[in-house]
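Here is the structure we will look at, set down as structure tokens.
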Amino acid sequence: MRWEGNRESDNVEDRRSGGGGGFIGGRSIGIGTVVVALIGWGVFGINPLTTIGMLSGGGSPQVQQQGPAQRPPEGDRQAAFVSTVLASTEDVWAQVFSQGGAQYQVPRLVLFRGATPTACGTGQSAMGPFYCPGDRKVYLDMDFFDTMRRQLGAPGEFAQAYVVAHEVGHHVQTLLGTTGRVDGMRGRISQREQNALSVRLELQADCYAGIWAHHSQQARNWLEAGDIESAMNAAQQIGDDTLQRKQTGTVRPDAFTHGSSAQRVRWFTQGYKTGSVQSCDTFNTSSL
13 MRWEGNRESD NVEDRRSGGG GGFIGGRSIG IGTVVVALIG WGVFGINPLT
63 TIGMLSGGGS PQVQQQGPAQ RPPEGDRQAA FVSTVLASTE DVWAQVFSQG
113 GAQYQVPRLV LFRGATPTAC GTGQSAMGPF YCPGDRKVYL DMDFFDTMRR
163 QLGAPGEFAQ AYVVAHEVGH HVQTLLGTTG RVDGMRGRIS QREQNALSVR
213 LELQADCYAG IWAHHSQQAR NWLEAGDIES AMNAAQQIGD DTLQRKQTGT
263 VRPDAFTHGS SAQRVRWFTQ GYKTGSVQSC DTFNTSSL
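Just so you know, we're using the numbering used here here: the sequence shown kicks off at 13 and counts up by one.
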């Protein structure tokens, strides 16, 4: 992926402190813990916050107070990469919204280590990258990219870009009102039905990531051989069935919250091939 030399977004907030690892509740949270939390989420629908509470001995995580928002330092190549990807999502979605007669409102991307306060509660590295509709921010501990490469079998810069674009896809869902409609069903439907809605929401975000890939390639011609395959491999490796099979050796579709590997690949590919928001309607199809 030829990303260097392209515009970087100004909407990146750096909350990282010094040192290589994050600390939650006074304990270091390593990559292995991150993977366990993600598998727990994929297999059982367990909130990663709960998983980390059990792994760290219980109790509420302690979050260090953050100072004023800062920009990433000059020379931080990894921060420059995610800033460049975010800038590309801004350009793509601004164009897509404009074509639909609307104005795109950009999200902020927060870089952090360990734990950080969010409008959705305490964000933790072990949750993996996530989007909070309450403050319209994407949260990312870039150590997750090491987890992708070393333990999830999903290397490559474009695989990392797919992760960022997926979370921005959740921001697009918030702007379009999709997230609010799904959240409005909570407490009124069964857990199984809620899981099914969550799958459709996640698959649509995958499709939106594909839309970004489609339009960013048209605008910048920055993809190299194997880039799309690396993104599809990432989608494959984080499918619910793949995570369940790694953990238990069996697959429980009723516990899916993000979609199977095949479904995630299919919907990313759908967005990439069409570049159309209309093609990403996961809520009105009988076949995911």
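All residues carry an ideal CB built from backbone N, CA and C; glycine is no exception.
- The beta-carbon separation of residue 28 and residue 125, rounded to 5 Å, stays under the 8 Å limit for a contact.
- Annotated as distal: residue 267 and residue 171, with beta-carbon spacing of 8 Å or more.
- Closest in C-alpha terms to residue 273, from the list 253, 136, 185 and 143, comes 253.
- Secondary structure at residue 22: coil, using DSSP grouped into helix, strand and coil.
- When DSSP states are grouped into helix, strand and coil, residue 134 belongs to the strand group.
- Between residue 82 and residue 26, the gap from beta carbon to beta carbon is short of 8 Å.
- Ranking 281, 249, 240 and 255 by CA distance to the CA of residue 219 puts 281 first.
- For the options 153, 189, 184 and 196, the alpha carbon positioned closest to that of residue 223 is the one of 184.
- The three-state reading of DSSP puts residue 128 in strand, counting E and B together.
- At a cut-off of 4 residues, the continuous stretches assigned as alpha helix (DSSP H) that sit fully inside the segment 234-286 are 239-249, 252-260 and 273-286.
- For residue 194, the enclosing alpha helix (DSSP H) covers residues 190-195.
- In its chain, beyond the 5 residues on either side, 130, 131 and 132 have a beta carbon closer than 6 Å to the beta carbon of residue 144.
- Following the DSSP letters along the chain, one finds residue 219 inside the alpha helix (DSSP H) bounded by residues 203-232.
- Contact check between the segment 160-178 and the segment 93-102: three or more CB pairs, one atom from each, fall below 8 Å, which counts as touching.
- Between the alpha carbons of residue 211 and residue 236 lies a distance of about 30 Å.
- For residue 143, the pairing in a beta bridge is given by DSSP as 150.
- Selection 154, 151, 142 and 163 evaluated against residue 259 yields 163 as nearest (Cα-Cα).
- In the three-state reduction of the DSSP assignment, residue 122 falls in the strand class, which pools E and B.
- Looking at 16, 249 and 292, the one whose alpha-carbon comes closest to that of residue 165 is 249.
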